[in-house]
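Chains Z and B are the protein sequences, given in the same order.
Heads up: the first sequence begins at 1 in UniProt numbering, then just goes up one per residue.
Heads up: the second sequence begins at 1 in UniProt numbering, then just goes up one per residue.
Beta carbons are placed, not taken as given, at the ideal position from N, Cα and C, and that holds for glycine.
One structure is given below, encoded as structure tokens.
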Amino acid sequence: MTSRPDPTLFAALHGELAPHPAPPGGGADAYGLFLARSSALGWLDTLWGMNDAGRDPAPGSRAAWFQVAPLGGAVPVQPFLACAGEVVARLGTLRLDALRLLLPLPRGGGPAGGAVLGLLQEAGWFAGGAEGAAVPVRVTLDSGAAADGAALPGAVPALLPWLRGFKQTVFDCASVTAGEPDEAGAADAAYGPAPVDALWGGPARHRIVVTGGLAEWSLDALGWLAAFLAEGVAAQGVSGPLLLTATASSA
Amino acid sequence: MRPTLRTFSLALGIASAALLGTSQSVSAASPGPVPAVAPASARAGSDGGLVLQGTGSSAEGTQEPSAAEVCVFETRGDYVHVSSSAFEASGHGWWVNGNCPTTTAVVTVQLQEYYSDGVWRNVGSKGKSTVRSGGGSQGRATGRGPCKSSAVTSWRSVVDVDLVGLSDSPEKLVTAGRDLACRL
Chain Z
1 MTSRPDPTLF AALHGELAPH PAPPGGGADA YGLFLARSSA LGWLDTLWGM NDAGRDPAPG
61 SRAAWFQVAP LGGAVPVQPF LACAGEVVAR LGTLRLDALR LLLPLPRGGG PAGGAVLGLL
121 QEAGWFAGGA EGAAVPVRVT LDSGAAADGA ALPGAVPALL PWLRGFKQTV FDCASVTAGE
181 PDEAGAADAA YGPAPVDALW GGPARHRIVV TGGLAEWSLD ALGWLAAFLA EGVAAQGVSG
241 PLLLTATASS A
Chain B
1 MRPTLRTFSL ALGIASAALL GTSQSVSAAS PGPVPAVAPA SARAGSDGGL VLQGTGSSAE
61 GTQEPSAAEV CVFETRGDYV HVSSSAFEAS GHGWWVNGNC PTTTAVVTVQ LQEYYSDGVW
121 RNVGSKGKST VRSGGGSQGR ATGRGPCKSS AVTSWRSVVD VDLVGLSDSP EKLVTAGRDL
181 ACRL
């Protein structure tokens, strides 16, 4: 019997969504599209169970959001964001400004973990990217206000060498630092309130900032980066979940 | 409309087996037991996970319909979860029409919380909507239960579909239990 809640994977896509013309009678919504697409790809009830999805009724920075329950102990952040990206592309054309992601952490991660080696193989997807597509990104990770959340800032010294220790070309890590005290307030002002505290141990408090060059500004690349960072943080003994906010400095 | 089809649908082998199983549903908590985390043996949902096949018919009264008069549909639900924007548990239910001669069904979603005496109890407000087949935010019913604390507790939902204008099989979908940082 566990005293920890089952994990939740949540993503909010921020930016300007230019909607496609709606068909007569209205088109499908984010929930219906995400359900249908993840079922068609074989991911529904295997990688995750559906929770909810939607678009905010008023124009704002959040274009769409998605929430699922990961199943089987894995954290399927790459297929989750890939599916979300396909749904949004079905709704309209999104200029993605930022991603906010509620990220469960893998258990038992480590430098030689199989999940990390899998990520290195999956990095081959980005080998076909356009020349000059790389962008500088800034990622904040917040472990919330719980007592064990303090382990995240404590991981800063070991995380940079861990991230630089693998041979990959998707993310060129430039720095890992402790977050500034007003970081959470600034993020909320820019992107709206974080998911309710009960989903991740909020409110925001213990955080770090990771900067570097990402192979491309896309949900695919952000999904890879989120999975890589999750493995790195878990390898330092942090148990999560984390609230991740990613922005491109050119966005 | 309600059911004249149970025996018939079981004979056809179309509908799933009894879905409420050994769970006991009561409408109010007794003073002794408290909300708790369910053991693995109490967390399984219906046989089909988050989907349940059902049958319907336009046959009237107690007369059992012929096989040609029976249509099929599915009852579906998602996992009960804590909402991202409000401190409450919620769960959705909808239906998918196979070949039933109706366009709408009344879908109800009742959330349940597990108690230390092994009983799943109805909690929160039952969701009830008359919707078309398919799901999506406009085609589902939502059950809700406010959280009074973030103590980890097991939740699940019971989803019922009544085809409008038809008789249908009486089984209800029971979703698998989830441990949430939410206690009513």
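Under a Cβ-count criterion, where at least 16 other Cβ atoms within 10 Å of its own Cβ denotes burial, should residue i be classed as buried or exposed?
i, result
"B/S157", "buried"
"B/R148", "For clarity, residue 148 of chain B is Lys in the given sequence; the question names Arg instead. Classification of B/K148: exposed, given that the 10 Å Cβ count is below 16."
"B/L19", "At B/L19, the pLDDT of 36 sits below 50, so the modelled position is not reliable; the number obtained from the coordinates is stated separately. Buried, because 16 or more other Cβ atoms sit within 10 Å of the Cβ of B/L19."
"B/N97", "buried"
"B/D117", "exposed"
"B/P35", "buried"
"Z/L103", "buried"
"B/K172", "buried"
"B/A67", "exposed"
"Z/E231", "buried"
"B/Q53", "buried"
"Z/P161", "exposed"
"Z/T177", "exposed"
"Z/Q121", "exposed"
When you compare the CB positions of residue i and residue j, do they come within less than 9 Å of one another, or not?
i, j, result
"B/E113", "B/G77", "no"
"Z/D148", "Z/G213", "no"
"residue 238 of chain B", "B/T130", "Outside the displayed span of chain B (1 to 184) sits residue 238 of chain B, for which this structure offers no information."
"Z/L13", "Z/P70", "no"
"Z/E216", "Z/V135", "yes"
"Z/A22", "Z/A84", "no"
"B/S154", "B/V37", "yes"
"B/G134", "B/Q110", "no"
Starting from the beta carbon of residue i, find every residue of chain Z whose beta carbon is closer than 7 Å, and list them in chain order.
i, result
"B/L50", "D45, G49"
"B/G136", "A28, D29, Y31, G32"
"B/R178", "D6, A69"
"B/C147", "A198"
For residue i, which option in the options has the closest C-alpha, if you only look at C-alpha atoms?
i, options, result
"Z/W125", "Z/V170, Z/L103, Z/V137", "Z/V170"
"Z/P76", "Z/G223, Z/W217, Z/A127", "Z/G223"
"Z/V87", "Z/L9, Z/A150, Z/F66, Z/A246", "Z/F66"
"Z/P19", "Z/A178, Z/Q168, Z/L94", "Z/L94"
"B/D168", "B/S57, B/S46, B/A44", "B/S57"
"B/S150", "B/V109, B/R43, B/Q110, B/L184", "B/L184"
"Z/Y191", "Z/Y31, Z/L243, Z/R4", "Z/L243"
"Z/S61", "Z/L120, Z/S239, Z/D29, Z/A98", "Z/A98"
"residue 270 of chain B", "B/T103, B/L50, B/E88, B/S90", "For chain B, the structure presents residues 1 to 184; residue 270 of chain B sits outside this window and is missing."
"Z/L163", "Z/L225, Z/R90, Z/Y31, Z/D45", "Z/L225"
"B/G93", "B/K126, B/S85, B/V159", "B/V159"
"B/Q138", "Z/A235, Z/A127, Z/D52", "Z/D52"
"Z/A30", "Z/E131, Z/A133, Z/R37, Z/G54", "Z/G54"
Helix, strand or coil for residue i? Go by DSSP, reduced to three states.
i, result
"B/W155", "strand"
"Z/A234", "helix"
"Z/P153", "helix"
"Z/W162", "helix"
"Z/C173", "strand"
"Z/A11", "strand"
"B/D78", "coil"
"B/Q53", "strand"
"Z/L117", "helix"
"B/E88", "strand"
"Z/V210", "strand"
"B/E113", "strand"
"Z/P203", "coil"
"Z/R90", "helix"
"Z/Q67", "strand"
"B/S149", "strand"
"Z/L243", "strand"
"B/S167", "strand"
"Z/P133", "The question names Pro, but residue 133 of chain Z is Ala in the sequence shown. It is coil, neither helix nor strand."
Strictly below 9 Å CB to CB, what residues from chain Z border residue i?
i, result
"B/C182", "P5, A198"
Name the chain C residues whose beta carbon is nearer than 9 Å to that of residue i?
i, result
"B/A86", "Absent from the structure is chain C; the protein chains it does hold are Z and B."
Taking Cβ-Cβ distances shorter than 8 Å, what residues in chain Z pair up with residue i?
i, result
"residue 186 of chain B", "Outside the shown range of chain B, which is 1 to 184, sits residue 186 of chain B, and nothing can be said about it."
"B/A150", "Here the sequence assigns Ser to residue 150 of chain B, which means Ala is not the residue at that position. Neighbours of B/S150 on chain Z, chain order: D197, A198."
Cβ-heavy atom distance between residue i and the ligand ZN below 8 Å?
i, result
"Z/P241", "With respect to small molecules bound, the structure shown includes none, and the ligand ZN cannot be examined in it."
Residues of chain B with CB under 7 Å from residue i, in chain order?
i, result
"Z/F10", "S84"
"Z/L35", "G135"
How would you list, in chain order, the residues of chain B whose beta-carbon sits under 8 Å from the beta-carbon of residue i?
i, result
"Z/W65", "S84"
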